[in-house]
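For reference, the structure discussed in these notes is given below.
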Amino acid sequence: MSADSATRGATRGATRGATRADWPLWEVFVRSRRGLSHGHVGSLHAPDAEMALRNARDLYTRRQEGVSIWVVPADAISASSPDEKDAFFDPAADKVYRHPTFYTVPDGVKHL
Amino acid sequence: MTAVGTYALRLGDDALVLAQRMGEWVASAPQLEEDVALANIGLDLLGQARNLLTYAGTLLPCPDGSPRTEDDLAYLRDERDWTNVQLVELADDGDFGACVARLLVFSTWQHELYAALTSSTDETLAAVAAKAVKEVAYHRDHATQWVLRLGDGTDESQRRMQSALDARWPYVEELFETDDLVRDLVEAGVAVDPATLREPVLAYVTIVIAQATLELPETTVRHAGGRRGVHTEQFGYLLAEMQHLARSHAGATW
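Same order as they appear, the protein sequences are chains A and B.
Position one of the first sequence corresponds to residue 41 (the numbering used here), numbered consecutively onward.
Position one of the second sequence corresponds to residue 35 (the numbering used here), numbered consecutively onward.
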């Protein structure tokens, strides 16, 4: 690679980095089959919701993975904080009575 | 049947040459997501080209009667034997607006063409068209979305989108040219008369351009001749890149 093309490559890389920062991040949810719920599959950058849907189609449903796509602005998602993990989740650890393990399951019942 | 072969070859050449141009965008598009989108479009076109060239090869056999393969047609023909329209061979030179401007016009044309070709009396062409029409509907949508955003975007993006459309426009009318070969095939119900596509194609493109706050280009210059093997200077470089491996290392596989 010549010095000139190396410089151009570097410039283009920098430009890509700059525009990437300008485009918001979207979280992508795909429903794989009718009847199932949408599941999170990944994220992508796009200038707006319509383009995000199209990018999601190209990035996450190339191999017939889905029949429906949701895109959500990543900054619209409120997430629990890892710092609050103990307060959020530990109290559930010793409450075995919340699990339906004390029932007898009648014979022949499916899907339980 | 050689006429049908020639017709299939024209449509296949259009698709293959544009597939090659779209492939040039991989790793050079404005965003990683766009790299993938343009590559997908290129691969759709490549798939169409493979079907059409394979079919053309069975109808245009070698002198000894054996069929030409898709690779024979893709890699071993010289420039004057290629019958694609000039619009698809023009280089983008890294100008995303140029890529989008061409894709808007060409995918709209292909969409109208394939939609009509699904009722061809030639079963193979009808089947290829039925599969391809859904693919090009997406290409058209992708180009539309970008023309709208770039046209109705910043001053800079609008100026560049307009100049890209202006630069492509002298190559648009060639899409609608008819010749004796096509006229006979239209008579037989095999082909679609390109002249009948002019109105619906321009109607769609005009609406998109207006919505994008751009001006419909006006030009009296018309470049044509691709169907007769007359091509632009840029086309030779494309062929060299596409063919040199297969020609330098005959029979190479990977």
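No residue lacks a Cβ here, since even glycine has one placed at the ideal position from N, Cα and C.
Keep in mind that this is a model prediction, so the values were computed, not measured.
How about Glu67 (chain B): is its C-beta nearer than 8 Å to some C-beta of chain A? yes
Which residues does DSSP pair with His85 (chain A) in a beta bridge? A:Leu65
According to a CB-to-CB cut-off of less than 8 Å, which residues of the segment 181-199 of chain B neighbour chain A? Arg183
Any beta carbon of chain B sitting closer than 8 Å to that of Leu99 (chain A)? True, the Cβ-Cβ gap to chain B drops below 8 Å.
Could you check how far apart the C-beta atoms of Phe269 (chain B) and Glu113 (chain B) are, in whole angstroms? I think they sit under 8 Å. 6 Å
Whole angstroms are fine: how far does the CA of Pro87 (chain A) sit from the CA of Thr212 (chain B)? 41 Å
In angstroms with no decimal places, state the Cα-to-Cα distance between Trp110 (chain A) and Phe130 (chain B). 27 Å
Give the residues of chain B in contact with Arg138 (chain A), contact being defined as C-beta atoms less than 7 Å apart. Those do not exist, as Arg138 (chain A) stays about 43 Å from chain B at its closest Cβ, beyond 7 Å.
Determine the closest residue to Val35 (chain A) out of A:Arg102, A:Asn95 and A:Pro131, with distance taken between C-alpha atoms. This structure cannot speak to residue 35 (chain A), because chain A is shown only from 41 to 152.
Under the DSSP definition of a beta bridge, which residues are partnered with His80 (chain A)? A:Phe69
Just list the beta strand (DSSP E) runs in the segment 38-75 of chain B, keeping only unbroken ones of 3 residues or longer that don't cross its boundaries, in chain order. none
Rounded C-alpha distance that separates Val149 (chain A) from Ala132 (chain A): Per the coordinates, the alpha-carbon of Val149 (chain A) lies some 28 Å from the alpha-carbon of Ala132 (chain A).
Beta-carbon separation (whole angstroms), Val122 (chain B) vs Phe140 (chain B), contact threshold 8 Å: Cβ atoms of Val122 (chain B) and Phe140 (chain B) come within 8 Å of each other, at about 6 Å.
Val206 (chain B) to Ala90 (chain B) span [Cα, whole Å]: The C-alpha of Ala90 (chain B) is placed about 25 Å away from the C-alpha of Val206 (chain B).
Tell me whether the beta-carbon of Ala42 (chain B) lies closer than 8 Å to the beta-carbon of Leu215 (chain B). no
Start-to-end residues for the alpha helix (DSSP H) that takes in Ile117 (chain A): Neither: Ile117 (chain A) is in no alpha helix (DSSP H) and is coded neither H nor E.
Under 8 Å Cβ-Cβ, which residues of chain A neighbour Ala71 (chain B)? Near Ala71 (chain B) (Cβ distances below 8 Å), the residues of chain A are Arg94, Asn95 and Asp98.
Beta-carbon within less than 6 Å of Glu275 (chain B)'s beta-carbon, same chain only, minus the 5 sequence neighbours each way: which residues are those? none
Less than 8 Å separating the beta-carbons of Val224 (chain B) and Val38 (chain B)? yes
Just to confirm the assignment, what range does the alpha helix (DSSP H) spanning Pro234 (chain B) have? In this chain, the alpha helix (DSSP H) harbouring Pro234 (chain B) covers Arg232 to Gln245.
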